[in-house]
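Under UniProt numbering, the first residue of the sequence shown carries the number 1, and numbering increases by one thereafter.
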Amino acid sequence: MTLEKEKILQPREVEDLIANGHAIVVYGDCVLKLDSWMKYHPGGDKAIHHLIGRDATDEMNSYHCDETISIFKRYKIGKLDSPWINMLPPIQGGKYRFLNGEISEKKLCGQTEVTIRSKIPQNVVLLQGMDEYYPVENKNSNPIRDPRVVINNYDNNLVKNDLNELPPLDYKTQRLLSVKYNEMHQKIINDGLYDCPYIEYFKQFCINLTLGLYSLIFFKTGHYFISAALLGFFWQQLVFIAHDAGHIGITHNFQIDNIIGTIIADWIGGLSLGWWKRSHNVHHLITNDPIHDPDIQHLPFFCVSSRLFGNIFSTYYEKYLWFDKFAQFLLPYQHYLYYPILCFGRFNLYRLSWEYVLKGQGPRHGKAAWFRYFELMGLSFFIYWFFYLMVGSLPTKWDKFQYIMVSHIATMIVHVQITLSHFAMSTSDLGQSESFVSRQLRTTMDVSCPEWLDFFHGGLHYQAIHHLFPRLPRHNFRKAQHYVLEFCKETGLKYSIYGFTDGNGIVINKLHDIAKQVIIMKEALVAESKNPHLD
C-alpha cells in the first residue's frame with residue numbers, strides 16, 4: 001500500500017484560491033484552507049482575516065499550543081516547495097487574480113465594503129532609498145507650502161527613521177530574523193519558562209483579598225470614598241489575572257483559563273473577556289496600524305498617527321473614524337487631556353462589552369460558543385451586585401454618584417499601563433515583508449521598574465516580551481528579558497525600555513507632536529473651505 005503523494009501548490013494556485021473567496025493561510029510549508037474553521041476559531045474571525053495570503057508561522061506558533069496547532073493543521077490542502085512571498089490580506093486591501101490573470105471582483109474573505117488602500121502597495125519590499133513611497137519635500141524648495149504636505153512629511157520622516165533603525169526588510173534578512181526568533185523561543189521553552197509559578201497567584205490572591213475586604217469594611221462603616229478607591233484598585237489587580245487567562249497563560253487549558261477569566265472579567269468586573277480577546281488578538285497581529293489596530297483607534301479623543309486624519313475606515317469596527325469638527329477641536333489638547341480622559345475609560349468598555357455579547361460577535365460554534373451566555377449572565381450579575389446592591393444601598397444621590405466615579409477613576413492606572421507601551425511607538429506601514437518579531441519590537445515599548453513593584457504593573461510593563469510570547473506566564477517575563485536582550489544584540493533589532501516616568505513623558509510628547517499636526521491640518525481645511533478652488 002502506498003501513501004497518496006501530497007499535493008504541491010504553486011503561488012499562483014494559492015492566489016487563485018484566495019481570489020475565489022477562500023481563507024488561505026501559510027503555516028511552514030503547509031497551505032491551510034481555514035474557511036470552515038473560521039466559525040470555530042476562539043480568537044475570532046478578524047484575527048484569521050489578517051493572516052490570509054501570509055506566512056503566519058511565527059504568529060500561529062506564538063499564540064497556540066501544540067494541541068491547537070495539530071487541530072488547524074487538519075485543514076491542510078497541500079504544501080509549498082519554495083519559500084513563501086507574503087501577499088496583502090484582502091481585509092487590508094489586497095487584490096487577487098484568478099489563474100487566467102483576471103483580477104477577482106467578488107468579495108474576498110475578510111474584505112470590507114469600503115476599499116482599503118495600503119500605503120505600501122502589494123508585493124513591494126520597502127527598502128532604504130525607495131523615496132517614492134515615503135517622499136519628504138525639502139522645506140526650502142517651495143516657499144508656499146500646503147499644510148497637508150507638512151503632515152505627509154511628518155509621517156514619511158517617521159517611516160524613514162524606522163527604515164534607518166531596522167535591519168533591511170528584504171525576505172532573506174527577515175527570514176533570518178524569524179529563524180533567530182524561533183531559536184530564542186525554543187530556549188525559553190526548554191528552560192521551563194512556560195511553567196506557571198502558581199505561588200505568584202497565591203500572592204496575587206492575598207493582595208486581591210486584602211483590597212476586597214478592606215473595601216467592604218470601609219463600605220460598611222460609611223467611609224464610601226475610601227471604599228470606592230479600594231474597589232477600583234481591586235478591579236485593577238483583577239484585570240491582570242483576566243489578561244493572563246485570556247492568553248491561556250495560567251493553566252494552559254482553554255476551558256479552565258477562560259472560565260477563570262470570565263468569572264473575573266465579567267462577573268466581578270463587568271467587562272467582557274470575549275470582547276477583549278477578539279479585539280486584543282487583532283491588536284497583537286497588526287500592532288499599531290492606524291487602519292486595523294483597535295487599540296490605537298480612539299478618535300475623537302486621541303490620535304497617535306497623522307494617518308488617522310482622513311476619515312479612515314476601521315477594518316475592526318467596520319465603520320469610519322471621523323476626523324470631524326469635534327475631533328479637530330479636541331485633539332490639539334490631547335496631551336493635556338490624556339489622563340483626564342483615561343479616568344473615564346471603563347465606561348466605554350461597558351458599552352463595548354454589551355455590544356459584543358448582545359450582537360453575538362464572538363464564536364457561535366465550537367468549544368467557545370457557550371461563553372456568550374456565560375458572559376451574558378456575568379455582565380447581568382455585575383449590574384445586580386454593584387449597581388443595585390452596593391450603589392443602590394447608599395443613602396444619598398451624591399454618595400451614589402461619588403462611589404461610581406471614584407471606583408471607576410481609580411482604575412485609570414490600568415489604561416495608562418495599557419496605552420503607555422504603544423502610543424509612543426511606530427505606526428508606520430512597512431509592507432508585507434516585515435517579520436513578526438521585527439514588527440512587535442518596533443511597535444511596543446517596555447517599562448522598567450524594581451522587581452518588588454512588578455505586582456503593581458501586573459506584567460503589562462513587559463509588553464514587548466508579552467507580544468513576542470503571548471502565552472508566556474507574566475511572572476516569567478522578567479526572566480525572559482535577558483533572552484530578548486541577547487537576541488536584539490545579535491540581530492540589530494531595537495528593544496525599547498524606559499522608566500515609568502520617562503515612558504509617560506515620551507507618550508505625552510508624542511501626543512503633543514500629533515496635536516501640532518492636527519492644528520496644521522485644521523488650517524488646511526479652513527483655507528480650503530474659504531477657497532474651494534485651491535489645489
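From the three backbone atoms N, C-alpha and C, an ideal C-beta is built for every residue, glycine too. None of the values given here were measured: they were computed from a predicted structure.
Best match in the options for proximity to residue i [C-alpha to C-alpha]
i      : options                        : result
His352 : Trp276, Glu375, Met412         : Reading off the sequence shown, one finds Leu at residue 352, where the question assumed His. Closest by alpha carbon: Trp276.
Lys328 : Tyr320, Thr315, Gly310         : Looking at the sequence shown, residue 328 is not Lys but Gln. Checked all of Tyr320, Thr315, Gly310; the closest Cα to Gln328 is Gly310.
Phe374 : Leu308, Arg97, Asn258          : Asn258
Phe344 : His408, Lys319, Asp513         : His408
Glu13  : Phe98, Ser70, Trp37, Pro90     : Phe98
Asn100 : Pro42, Pro83, Asn20, Leu51     : Asn20
Ile151 : Val136, Glu165, Ile260         : Val136
Val484 : Lys325, His185, Pro197, Phe254 : His185
Ile508 : Leu337, His243, Gly458         : Leu337
Asn182 : Glu59, Pro90, His280           : Glu59
Asn348 : Lys160, Leu389, Gly93, His415  : His415
Gly362 : His280, Gly458, Ser433, Phe313 : His280
Asp81  : Glu355, Trp267, Gly360, Tyr27  : Tyr27
Phe371 : Asn476, Phe254, Gln204, Leu126 : Phe254
Asp502 : Ser448, His512, Asn476, Thr491 : Ser448
Cβ-based neighbour list, residue i, same chain, cut-off 7 Å, excluding 5 preceding and 5 following
i      : result
Ser227 : Ser215, Phe218, Phe219
Ala480 : Ile188, Leu193, Ile465, Phe469, Leu472
Thr443 : Thr287, Asn288, His422, Met425, Ser426
Asp376 : Note that residue 376 corresponds to Leu in the displayed sequence, not to Asp. The answer, listed in chain order, is Val357.
Lys494 : Glu165, Leu441, Cys488
Beta strand (DSSP E) segment containing residue i, residue limits
i      : result
Tyr498 : 497-499
Phe313 : 312-314
Ala343 : Reading off the sequence shown, one finds Cys at residue 343, where the question assumed Ala. Where Cys343 is concerned, there is no enclosing beta strand (DSSP E), given that its DSSP letter is neither H nor E.
Gly261 : Gly261 -> not in any beta strand (DSSP E); alpha helix (DSSP H) instead, spanning 254-262.
Rounded separation between residue i and residue j - CA only
i           : j      : result
Cys65       : Tyr462 : 21 Å
Tyr96       : Gly110 : 13 Å
Leu534      : Ile519 : Any reading at Leu534 must be qualified, since the residue scores a pLDDT of 44, below 50, and its modelled position is unreliable; the value itself is stated next. For Leu534 and Ile519, the distance between alpha carbons rounds to 19 Å.
Lys7        : Phe436 : 28 Å
Ser438      : Ile263 : 35 Å
Leu9        : Ile71  : 21 Å
Cys488      : Ser62  : 18 Å
Gln517      : Leu379 : 40 Å
Gln122      : Tyr171 : 15 Å
Gly44       : Thr221 : 45 Å
Pro340      : Thr173 : 44 Å
His22       : Glu318 : 20 Å
Ile103      : Ile116 : 16 Å
Trp267      : Thr210 : 19 Å
residue 541 : Leu430 : Nothing can be reported for residue 541: it is not among the residues displayed for the chain, which extend from 1 to 535.
residue 546 : Gln334 : As shown, the chain starts at 1 and ends at 535. That puts residue 546 outside it, with no answer to give.
Phe233      : Ala410 : 6 Å
Phe456      : Gln237 : 8 Å
Reduced DSSP category for residue i - H, G, I as helix; E, B as strand; rest coil
i      : result
Ile52  : coil
Gly101 : coil
Gly93  : coil
Tyr181 : helix
Tyr462 : helix
Cys488 : helix
Tyr388 : helix
Lys516 : helix
Lys367 : helix
Ser62  : helix
Ser448 : strand
Leu299 : coil
Cβ neighbours of residue i in the same chain (closer than 6 Å, five flanking residues each side left out)
i      : result
Tyr40  : His365, Gly366
Met445 : Ser421, Met425, Ser496
Gln128 : Leu163
Leu17  : Ile24
Cys303 : Leu331, Ile514
Pro11  : none
Residue range of the unbroken alpha helix (DSSP H) whose run includes residue i
i      : result
Cys206 : 198-220
Asp195 : Per DSSP, Asp195 belongs to no alpha helix (DSSP H) and is neither H nor E.
Gly378 : 371-382
Tyr320 : Where Tyr320 is concerned, there is no enclosing alpha helix (DSSP H), although the beta strand (DSSP E) it sits in stretches over 319-321.
Leu169 : From DSSP, Leu169 is part of no alpha helix (DSSP H); its letter is neither H nor E.
Ser426 : Note, Ser426: premise wrong, no alpha helix (DSSP H); not H, not E.
Asp16  : 11-19
Leu420 : 412-420
Contacting residues, own chain, Cβ-Cβ under 8 Å from residue i (five flanking each side not counted)
i      : result
Leu308 : Pro290, Gln297, Leu299, Leu321, Phe323
Asp293 : Val282, His283, Ile286, Thr287, Tyr316
Ile144 : Model confidence at Ile144 stands at a pLDDT of 47, short of 50, so the residue's coordinates are unreliable; what they give is reported in the following sentence. Same-chain partners within the cutoff: there are none.
Leu394 : Tyr224, Lys400, Tyr403
Ile383 : Gly270
Phe386 : Gly270
Asn86  : Gly53, Arg54, Asp55, Gln432, Ser433
Cβ of residue i within 8 Å of any chain C Cβ
i      : result
Gln237 : This model lacks chain C altogether; it includes just one protein chain.
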